[in-house]
Amino acid sequence: MLANVHAAERPPILEMRGISKSFGVVKALTDVSFTVREGEIHALVGENGAGKSTLMKVLSGVYPHGSYEGSILFSGEERQFRDINDTEALGIIIIHQELALIPLLSIAENIFLANAPSRFGVIDRSAVHERTKALLSKVGLNEQPDTLITNLGVGKQQLVEIAKALSKDVRLLILDEPTASLNETDSAALLELLKEFRNQGITSIMISHKLNEISEVADRITVLRDGRSVDTMDCHAGVVPEDEIIRKMVDRDMESRYPKRTPKIGEMIFEVDDWSVYHPQHTHRQVVKNLSLKVRAGEVVGISGLMGAGRTEFAMSVFGRSWGRNITGTVKMHGKPVDVSTVTKAIDAGLAYVTEDRKHLGLILAEDIRKNISLANLPGVSRSSVIDDISEMKVAQEFRARMRIRSHNVYQETGKLSGGNQQKVVLSKWLFTNPDLLILDEPTRGIDVGAKYEIYSIINELADAGKAVVVISSEMPELIGICDRILVMHEGEFVGEVAGAEATQENIMRAIMRRKGRDE
Amino acid sequence: MSTPETTAPAPQSVAGFIKDNLREYGMLMSLLVIVIFFQFATGGILLKPLNLTNIILQNSYIVIMALGMLMIIVTGHIDLSVGSVAGFIGAVAAMMMVQYNFDFVTACIICLVLGGLIGAVQGYFVAYLKIPSFIVTLAGMLVFRGLMIAVLSGRSIGPFDVTFQRLSSGFIPEFISSEGGLYLTSLILGIAVAAFLVWQNIKNRGRRMSHGVETEPFGFFVAKNILVLASISYVAYLIASHRGMPNVLIIMALLIAAYGFFTNRTIIGRQIYAVGGNARAAELSGIKTQRLVFGTFVNMGVLAALGGLVVAARLNSATPKAGAGFELDVIAACFIGGASAYGGVGKVTGAVIGAFLMGVMNNGMSILGIGIDYQQVIKGLVLLGAVCVDVYNQRR
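Residue numbers (UniProt numbering), protein chains in the order written: chain A, 1 to 520; chain B, 1 to 396.
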């Protein structure tokens, strides 16, 4: 049916014309035009703060008609949405980056939370069960409908969200960074599912920062920059080069996505030996298995691996036993054994851990930049336990300039900053403790291309200043781009090591797969 | 919508500054408005020296306990047991002093330590065993109310020694012969405190300016300091024309100053706010969250004990009804004063203003002859309204 018609000939299902939206004096969107054709996968890209989410909120009715300028046409008719119920009634469903499932309810209960099939107000349990089963098989999720959400991984939760959307007779599915927290396998499966939907005639809009995924599935790509629609590119007219997309997003040529660095590797700084960690609840499960790791001054070491390989668990257990139980092993700094049994002791020993979850574990979102930066080293801005507000402010201003944190001043709430700037605040906090070893866990997750480049430059500067740096990342190109050495972790062990110069995605994956094959 | 590049902050207008800092000054404005309203409504009785002194005496223990409660609320917890603990400590004090003839210093010290121990037990359950504070202190509320009645065997114990009574009903000694019924020592002390505050403000502003830190507009700064100077001096004058400064006002003022400094300027104070703002992030920044939560409960216990002593001294007896419902006034004071129920937000000055706002309303409505029934209704609505305004302001 639709799939046979050439994309360009299909009628538009959605036209947004001349959309402008302001918040106070800030113009979030200026005269944006955005057209989506029936049955296509349309990627929406742009830096953080370019206006992607705002545009989708206008479309989904979060910002009601009247709060913006311009018009929205859906299947040929002009629409004035008052709220999200209006758009859902038409089959426009948005799945947000932060999943909105209720952890202690079952899959079925979550899917039919608002519209359970019922008779006389009593939920028809068997109908719910049957329909959930059908939906789950549609999205390829092999779980029982009464499984609790809390027992599912992020990837599977994402699929439940999609099943929930399907339960509402979706016509236009909007996915906001659907693969941001998924590993490679789950991401691939999700993209396949989107293609499958396309064959069934469901239209999708996908917001993403991962350009390789976009070029894999998208039919067309619209680029937003500074609240304006810059261009819409058709992928069927030939492959759109990633560099061209990036250039349109940031309006400048990126020499390379990874800044160059000549490693100057020095003395041994950080040594972990025979490190073992058990799961805090399932106490018999060994999550980290007798690991050893050595990092030298000026060296950037990457840890690659699939989700659940134990990378974060390893890092957090080293950093003041913040995760796990029955932790054994030794840590040496500069050749001398150190006590890292509490976070304070780990900080004193010269360790810093920049979390993968900056909103929940990294920042106090209601506090300003200044107070967040000084938090891990308050004595550094105090005299006899009394905080000197002037020196605290100066420290914050120094880091704001050095890290190029974009904000009005250091008194701005961190919750109101973009992801990249938040990450820079977290980094500043840890740099202010003056560590010898930094462990950066997914340092560029969910931040835009420009900010990523800046984070990479900061990592390079740190290495050049003689720090030892460990980077944990699920994005292999990133590790290949910035690391001197990449360790591959699988099921709590290091199963391979690749020198940065020789690293390719293939030989990293091969290390994982080889091990997987042996396990099975 | 990329965040605009840094520009030098434009000099703010007074109106714009007040708008941006509504949260901070809104409470003070509300208190002023309410005072002025009741001053007119009661035909000037509200600010009569006798009545003003009474307002201070009546609300002293609420203010004292609100200081402890604020810390607990800032860490994201709650303490429902403070009324019962205060009553229980009052009963223990009465038993020691009236029945066993302890001297009042020893008795007070024992009582404060006992309060701290009670706080420590509750804090242990909350901080280390991770039992929700609502449950732990609800249990504490019942336990200590029961223990108090047991200690008193259901009757009142009193009267106290005069020295102990002076804790609440005494006034500071006069060193200068008073003329025309004016207690000069109190007046001078009050004006000195006001002058000290203004001097501190000026010094601080100068220091900030010399480091190029943004400060409030000059006009606003001047107006604010004149207001501070005038209102404190006026209150001091009123108090001085009755019987001088009550002892408990001195205790209260010292505590407010100490806790204000502690929360604003010390490392531990900052860490308490961090725990309430995001406990996991605080922990991963090397902050000992459990110890801090435990500490706030110990502190609350000591202040609840002090509150209990003040109440007992004021009533000149320990009665089974003492302390009933205090927890609600204390908690309301904190929330009216801008503390967030989610933790991490709240100021000492806010809680103090909140306590006096409730106190002035209680007093004013009583003078107007409004029945206790409608007083409760109005107070409830004010609490709800204040928090709504606060939430609305945050969403702007």
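Positions of the beta carbon are idealized from the N, C-alpha and C atoms, including for glycine. From a predicted model like this one, the values you see are computed outputs, not experimental measurements.
Specify, as a first and last residue, the run of the beta strand (DSSP E) that residue i falls within.
i	result
leucine 21(A)	Here the sequence assigns lysine to residue 21(A), which means leucine is not the residue at that position. Here the beta strand (DSSP E) through lysine 21(A) covers 12-23.
isoleucine 303(A)	300-305
proline 41(A)	The question names proline, but residue 41(A) is isoleucine in the sequence shown. Note, isoleucine 41(A): beta strand (DSSP E), 41-45.
methionine 148(B)	Premise fails: methionine 148(B) lies in the alpha helix (DSSP H), 133-152, not in any beta strand (DSSP E).
tyrosine 353(A)	351-354
valine 470(A)	468-472
Buried or exposed: where does residue i fall if 16 or more other Cβ atoms within 10 Å of its Cβ makes it buried?
i	result
glutamate 244(A)	exposed
methionine 1(B)	Per-residue confidence for methionine 1(B) stands at a pLDDT of 37, beneath the threshold of 50, marking its modelled position as unreliable; no derived number is given.
threonine 312(A)	buried
alanine 10(B)	Low local confidence applies: a pLDDT of 44 at alanine 10(B) is under 50, so the model's placement there is unreliable, with the coordinate-based value given in what follows. Flag for alanine 10(B) reads exposed.
glycine 44(B)	exposed
glutamate 5(B)	Caution is warranted here: a pLDDT of 37 is assigned to glutamate 5(B), below 50, making its placement in the model unreliable, and the coordinate value is therefore given only provisionally. Burial call: exposed.
phenylalanine 196(B)	exposed
serine 133(B)	buried
alanine 501(A)	exposed
isoleucine 123(A)	exposed
serine 186(B)	buried
isoleucine 369(A)	buried
serine 137(A)	exposed
leucine 375(A)	buried
methionine 1(A)	Bear in mind that a pLDDT of 43 at methionine 1(A), under 50, signals an unreliable position, so the number given afterwards is only what the model happens to contain. With fewer than 16 Cβ atoms within 10 Å of its Cβ, methionine 1(A) is classed as exposed.
methionine 97(B)	buried
arginine 270(B)	buried
proline 241(A)	exposed
leucine 70(B)	buried
threonine 283(A)	exposed
leucine 129(B)	exposed
Considering just the uninterrupted stretch of the alpha helix (DSSP H) at residue i, what are its terminal residues?
i	result
residue 453(B)	Residue 453(B) lies beyond the range of chain B shown here (1 to 396); nothing can be said about it.
alanine 230(B)	218-240
residue 523(A)	Absent from the structure is residue 523(A), since the part of chain A shown begins at 1 and ends at 520.
isoleucine 439(A)	It is not in any alpha helix (DSSP H) - isoleucine 439(A) instead sits in the beta strand (DSSP E) that spans 437-441.
threonine 54(A)	52-59
glycine 269(B)	267-277
serine 71(A)	It is not in any alpha helix (DSSP H) - serine 71(A) instead sits in the beta strand (DSSP E) that spans 69-74.
leucine 189(B)	184-210
valine 239(A)	Neither: valine 239(A) is in no alpha helix (DSSP H) and is coded neither H nor E.
valine 425(A)	419-431
valine 213(B)	Run containing valine 213(B): none; DSSP gives neither H nor E here.
arginine 79(A)	First-last for arginine 79(A): 77-79, but that is the beta strand (DSSP E), not the alpha helix (DSSP H).
Looking at the strands, I want to know which residues DSSP matches up with residue i.
i	result
tyrosine 124(B)	DSSP lists no partner for tyrosine 124(B).
glycine 301(B)	Looking at the DSSP assignment, glycine 301(B) forms no beta bridge with any residue, so it has no partner.
isoleucine 174(A)	Ile94(A), Ile205(A)
tyrosine 278(A)	Gln286(A), Arg325(A)
lysine 332(A)	Glu271(A), Pro337(A)
aspartate 234(A)	Arg220(A)
lysine 294(A)	Glu271(A)
lysine 27(A)	Ser22(A)
arginine 228(A)	Arg225(A)
leucine 487(A)	Ile303(A), Glu497(A)
isoleucine 157(B)	Ala318(B)
threonine 35(A)	Glu15(A)
Going along the chain, which residues of the segment 270-296 of chain B sit with their C-beta nearer than 8 Å to a C-beta in chain A?
Hits within the stretch, in order: Arg270, Gln271, Tyr273, Ala274, Gly277, Asn278, Arg280, Ala281, Ala282, Glu283, Leu284, Ser285, Gly286, Ile287, Lys288.
What residues from the segment 336-365 of chain B come within 7 Å of chain A, judged by C-beta to C-beta, listed N to C?
Contacts with chain A (Cβ-Cβ distance below 7 Å) from the segment 336-365 of chain B involve Gly344, Val345, listed in chain order.
Touch check for the segment 98-113 of chain A and the segment 45-58 of chain A: three-plus C-beta pairs under 8 Å?
Fewer than three beta-carbon pairs drawn from the segment 98-113 of chain A and the segment 45-58 of chain A are found closer than 8 Å, and the two stretches are therefore not classed as touching.
Is the segment 74-89 of chain B in contact with the segment 317-329 of chain B, if contact means three or more CB pairs nearer than 8 Å?
By the C-beta criterion, the segment 74-89 of chain B is judged to be in contact with the segment 317-329 of chain B, since at least 3 inter-stretch pairs fall below 8 Å.
Along the segment 365-378 of chain A, where does the CB come closer than 9 Å to a CB of chain B? Name the residues.
Those would be Leu365, Ala366, Glu367, Lys371, Asn372, Ser374, Leu375, Ala376, Asn377, Leu378, in chain order.
Quick check: the segment 298-307 of chain B against the segment 113-126 of chain B, are at least 3 beta-carbon pairs closer than 8 Å?
Short answer: they touch.
Do the segment 61-76 of chain B and the segment 351-360 of chain B touch if we need at least three Cβ pairs shorter than 8 Å?
Yes: at least three Cβ pairs fall under 8 Å.
Near-chain B residues of the segment 332-355 of chain A (beta-carbon distance less than 9 Å), N- to C-terminal order:
Per Cβ criterion, the list reads Thr342, Val343, Thr344, Lys345, Ala346, Ile347, Asp348, Tyr353, Thr355.
Between the segment 340-356 of chain A and the segment 282-296 of chain B, do three or more beta carbon pairs fall short of 8 Å?
Yes, they touch.
With a cut-off of 8 Å, do at least 3 Cβ pairs link the segment 263-280 of chain A to the segment 68-85 of chain A?
Flag = no, the segment 263-280 of chain A and the segment 68-85 of chain A do not touch.
Cβ-based contacts, 8 Å cut-off: residues of the segment 196-222 of chain B near chain A
Cβ contacts with chain A come from Arg207, Arg208, His211, Val213, Glu214.
At a Cβ cut of 9 Å, what residues of the segment 214-236 of chain A count as close to chain B, listed as they run along the chain?
Listed in sequence order: Arg225, Asp226, Gly227.
Quick one: which residues of the segment 239-269 of chain B get their C-beta closer than 9 Å to a C-beta of chain A? List them in chain order.
Those would be Phe261, Asn264, Arg265, Thr266, Ile267, Ile268, Gly269, in chain order.
Contact set between the segment 390-401 of chain A and chain B, restricted to residues whose Cβ is under 8 Å from the partner
Under the 8 Å Cβ criterion, the segment 390-401 of chain A contributes Ile390, Met393, Lys394.
Any chance the segment 296-304 of chain A sits against the segment 449-469 of chain A, with 3 or more Cβ pairs inside 8 Å?
Note that the segment 296-304 of chain A touches the segment 449-469 of chain A; at least 3 beta-carbon pairs, one per stretch, sit closer than 8 Å.
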